[in-house]
Structure formats: structure tokens, C-alpha cells
Amino acid sequence: MSRQLTRDELAIDPVELARRLLGRVLESRSEQGTVRVRLAEVEAYRGLDDPASHCYRGRTPRNEVMWGPAGHLYVYFVYGMHFCANIVGLTEGQPGAVLLRAGEVETGSELARMRRPTARGNGAVAKGPAVLTSVLGVDRAHNGIDLTDPDSSVRLFDGTPVPEERIRTGPRVGVAAAMDIPWRFWIDGSPAVGTYRRGGRVRAR
DNA sequence: TAGACGATTGCCT
DNA sequence: GGCAATCGTCTAC
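Spelled out as C-alpha cells, the structure:
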């Protein structure tokens, strides 16, 4: 069993944190069972100087968690039907977080498939931020949860390290602002990482 | 208080 | 590859 990460290890710049989170294992426990996902794709959002970040326009009730201590989970609702999960980085008073985009299901693939029967990748991978949250069973109720607390239902473990040469970086996905900033990190060759889609969604209708 | 829109996904052509 | 679904959050008035 691998070691649970400490708050000190997560209280760093989100860009550096994003790189370090690759290969880490996120575990969610519930009455249904346990699902463990090895993170394969993440994106950094650094508060005040990043126009794509939820914190760019200041502190609001929604982004409150991002302003708090590192190692907590920031979950938000998007597009009227999906949840996305972030891990808060930096220290208190300095907003910033890392969006969890995709991962490989290590434990509980049956439960994962049950939670997301139509998901791409048949339960072995969680490809996409909203797929990742539903596979883990994470929703609004998990907003603000402490990933470094041994008693939490969602916890973060050190997993297996990723060799530097397998880490790739590129522009963030689906954000219209600051598209040129290469703050997306992924593990090269991971089955959980999809093809790149340009940011700046064209509005339908 | 009304209106615009979003860190997405999956169905349909 | 195109685009609809769907609603919480934020901004402007």
C-alpha cells in the first residue's frame, strides 16, 4: 500500500504541483466500494494572474475552496450536468489549483463501469474531467474535502513515479482564455489521455 | 433580477 | 466533425 501524501507536499505552485501529480493515485471510498485512479492528465490554474482560472475575478462563494489550504478538493458544476475536480495548491491566501482531467483505473473498474456505463474506455480508464469525477463518485458533496486526512472518503497517495521523459506538456483544453499557456501535463502513451481539442468552444445556436 | 455562458460529453450525421 | 443538453454562477442593469 502506498503512502498518503501530506499537505506540505501539495502546498506548492500549481504548475509544479500539476507535474508532480502525474502518476499519483486518487482513491475514493464509499458504500459501493473503492475506486483508485492513477492520474494521467492534469491542468494547472493559477489564480490571480491566470485569466482562465475561476479565481481570476476574485473570491466568490463558489471558488472559496481554492483560496483555502492546499490538499483540499475543489469540485464545481459545469454545463448544467457535469462535475470537475481540482486539487488545491499553494498556501492559504494564494489561490490556485490543478484540474484532474484523466486517469487509469487501477482498482474498482467494475464499479467505475457501473457508474459510467457509456464512458469511453470501458471502465479501465477515466478519459475526461467529468468522466473522472463520476467514476470516482465525486460530486458537490465532496467540495472542500481534505485529501491529506486519513479519515477522508477521498484521499491522495504517492503511487508510482513517472519518468521525466514520459511527461508531456501542452496548451490547456476547452478554455478560451490564455490558450497559449502550456499548463497541461500528461503521461505520454497513457491510454487515458485523449487527442487534443482546441480551446475556445464555438457556441452552439 | 434577467440574461449570458461555461475548465464537457455523447449522440447524430 | 457538428452540435444539443442543461443549470449554477456571475455580471450588468
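Heads up, the first sequence is in our numbering, so the first residue is 1135 and it goes up one at a time.
All C-beta atoms in this analysis are idealised placements derived from N, C-alpha and C, irrespective of residue type, glycine included.
In this text the structure is predicted, and so the values were computed from the model without any measurement.
Fully enclosed beta strand (DSSP E) runs of no fewer than 3 residues occupy 1259-1261 and 1288-1291 of the stretch 1243-1298, in order along the chain. Assigned with DSSP and collapsed to three states, residue 1320 falls in strand.
Three or more Cβ pairs drawn from the stretch 1168-1185 and the stretch 1307-1325 lie within less than 8 Å of each other, which places the two stretches in contact. The C-alpha of residue 1251 is placed about 36 Å away from the C-alpha of residue 1146.
Residues 1157 of the same chain have their beta carbon placed closer than 8 Å to that of residue 1295, with the five preceding and five following residues left out of the count. Annotation for residue 1170: 1159, 1161, 1240 and 1241 place their beta carbon closer than 6 Å to its own, counting only its chain and skipping 5 residues before and after. When rounded, the separation of the alpha-carbon atoms in residue 1136 and residue 1143 is 15 Å. In the three-state DSSP reduction, residue 1170 falls in the strand class (E or B). The three-state reading of DSSP puts residue 1306 in coil, since its state is none of H, G, I, E or B. Beta bridge pairing from DSSP links residue 1222 with 1231.
The beta carbon of residue 1225 sits closer than 6 Å to the beta carbons of 1145 from its chain, once the five residues preceding and following it are set aside; these are given in chain order. For the 9 Å CB-CB criterion, residue 1246 and residue 1253 form a contact. Looking at 1265, 1327 and 1188, the one whose alpha-carbon comes closest to that of residue 1217 is 1265. DSSP lists no beta-bridge partner residue for residue 1136. Taking a C-beta distance under 9 Å as the contact criterion, residue 1232 and residue 1152 qualify as a contact pair. For the 9 Å CB-CB criterion, residue 1290 and residue 1138 form a contact.
Judged by DSSP in its simplified three-state form, residue 1312 adopts coil rather than helix or strand. A residue is called buried when at least 16 other Cβ atoms come within 10 angstroms of its Cβ; residue 1193 does not meet this threshold and is exposed. The beta carbon of residue 1201 sits closer than 6 Å to the beta carbons of 1193 and 1229 from its chain, once the five residues preceding and following it are set aside; these are given in chain order.
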